[in-house]
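Visitor:
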Amino acid sequence: MEGVVKFNCHWNQTGPVITDEPYTIMNYWREVLFNMDLIGAYENGVGFGNVSLRIGESIKFFITASATGEIPQLEPGHYVKVDGCNFTENAVKCTGPLKASSESLTHAAIYQADPGTNAVIHVHSMELWEALKDKVPTTLPEHEYGTTGLASDIFRLFKDTDVIEKRIIVMGGDPSGIITFGNDMDEAINVLMSYIGVE
Numbered sequence: 005m006e007g008v009v010k011f012n013c014h015w016n017q018t019g020p021v022i023t024d025e026p027y028t029i030m031n032y033w034r035e036v037l038f039n040m041d042l043i044g045a046y047e048n049g050v051g052f053g054n055v056s057l058r059i060g061e062s063i064k065f066f067i068t069a070s071a072t073g074e075i076p077q078l079e080p081g082h083y084v085k086v087d088g089c090n091f092t093e094n095a096v097k098c099t100g101p102l103k104a105s106s107e108s109l110t111h112a113a114i115y116q117a118d119p120g121t122n123a124v125i126h127v128h129s130m131e132l133w134e135a136l137k138d139k140v141p142t143t144l145p146e147h148e149y150g151t152t153g154l155a156s157d158i159f160r161l162f163k164d165t166d167v168i169e170k171r172i173i174v175m176g177g178d179p180s181g182i183i184t185f186g187n188d189m190d191e192a193i194n195v196l197m198s199y200i201g202v203e
């Protein structure tokens, strides 16, 4: 099944690039989210949801690769390193066995907007999306996932809303899409779990 990659992907195809510690952290929580049906694939085979971790203090990060949503347990080869992004050209430069997730620009925007963020989670839950839309920082509905418009709208949220305190974003143009982020993966997960019970 092909993933949906909306950006210009400059891909340096290599063997596995992720190191042991980030792989262990990301894979553990990615499996938890998969088992909660917050990451997975729709009946048409299109995957949804991903996790990422910043590499040190750089703008580079590890992220789950495109077309991996339906896989219950990921191997190191299912993770990619994003080396850079160009928001104006809708371009992502990545290294690894597979191409980077279609949400790489969105993750990159969050890392660039907040140097204190080191982990980003993107999940899908229509119930949560409907409960939180416009009650927490929400991107404009005209900006679909994986686009430069969405990336620029994320910068707007960091400038004009309390997203840095809330640490959650509802994707207005991606029904069911929710993003949480934090100083580390535990914080990003804790933010998400604190909202799971929202009516």
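Using this note's numbering, the final residue of the sequence shown is 203, and nothing's skipped along the way. Heads up, the beta-carbon is just placed ideally off N, CA and C, and yes, glycines get one too. Treat the numbers as computed from the prediction; the structure is a model and nothing was measured.
#1: Taking the runs of the beta strand (DSSP E) that are 3 residues or longer, which of them lie wholly in the stretch 29-63?
#2: Taking Thr143 as the reference, give the member of Glu131, Ala135, Ile158, Gly150 with the closest Cα.
#3: Please report the Cβ distance between Tyr149 and Met130, rounded to the nearest whole angstrom; I am assuming they are in contact, meaning their Cβ atoms lie under 8 Å.
#4: Taking just the CA atoms, how far does Asn187 sit from Pro141?
#5: Answer yes or no: do Gly177 and His128 have a C-beta to C-beta separation smaller than 8 Å?
#6: Helix, strand or coil for Ala155, going by three-state DSSP, please let me know.
#7: Which first and last residues belong to the beta strand (DSSP E) in which Ile168 is found?
#8: Within this structure, are the beta carbons of Asn12 and Ala95 separated by less than 8 Å?
#9: Give, in chain order, every unbroken run of the alpha helix (DSSP H) that is at least 4 residues long and sits entirely within the stretch 108-163.
#10: Between the C-alpha atoms of Arg34 and Phe162, what's the straight-line distance to the nearest angstrom?
#11: Helix, strand or coil for Ile22, going by three-state DSSP, please let me know.
#12: Can you give the Cα-Cα distance for Ser198 and Val167, rounded to whole angstroms?
#13: Quick one, are the C-beta atoms of Gly53 and Leu78 less than 8 Å apart?
#14: Spatial neighbours of Ala104 within its chain, please: CB distance less than 7 Å, with the 5 preceding and 5 following residues excluded, ordered by chain position.
#15: Are the CB atoms of Ala192 and Val124 nearer to each other than 8 Å?
#16: Excluding the 5 residues preceding and the 5 following Pro145 in the sequence, name in chain order all residues of the same chain whose CB lies nearer than 7 Å to its CB.
#17: State the start and end residues of the unbroken beta strand (DSSP E) segment that holds Ala192.
#18: Which same chain residues end up closer than 8 Å to Leu109 when comparing Cβ atoms and leaving out the 5 residues on each side of it in sequence?
Guide: By the coordinates alone:
#1: The qualifying runs are 54-58.
#2: Per the Cα distances, Ile158.
#3: The C-beta distance from Tyr149 to Met130 rounds to 15 Å, too long to meet the 8 Å contact threshold.
#4: Spanning the two alpha carbons is a distance of roughly 18 Å.
#5: Not a contact, by the Cβ cut-off of 8 Å.
#6: Three-state DSSP puts Ala155 in a helix.
#7: Where Ile168 is concerned, there is no enclosing beta strand (DSSP E), although the alpha helix (DSSP H) it sits in stretches over 167-170.
#8: Pairing Asn12 with Ala95 gives a Cβ-Cβ distance under 8 Å.
#9: You should have 108-117, 130-136.
#10: Going by the C-alpha atoms only, they are around 26 Å apart.
#11: Ile22 falls in the coil class under three-state DSSP.
#12: Inter-residue distance for Ser198 and Val167 is about 15 Å (C-alpha atoms, whole angstroms).
#13: No, the pair does not count as a contact, with Cβ atoms beyond the cut-off.
#14: Cys13, Ile67, Ala69, Ser70, Val84, Val86, Val96, Cys98, listed in sequence order.
#15: It is a contact, given that the beta carbons lie within the stated cut-off.
#16: Sequence-distant partners of Pro145 (beyond 5 residues in either direction) whose C-beta falls short of 7 Å from its own C-beta, in its chain, are Gly176, Gly177.
#17: Segment 189-200 is the alpha helix (DSSP H) holding Ala192; no beta strand (DSSP E) there.
#18: Close CB contacts of Leu109 within its chain, under the 8 Å cut and outside five residues either way in sequence, are with Phe11, Cys89, Phe91, Asn94, Val96, Gly150, Thr151, Thr152, Leu154, Ala155 (chain order).
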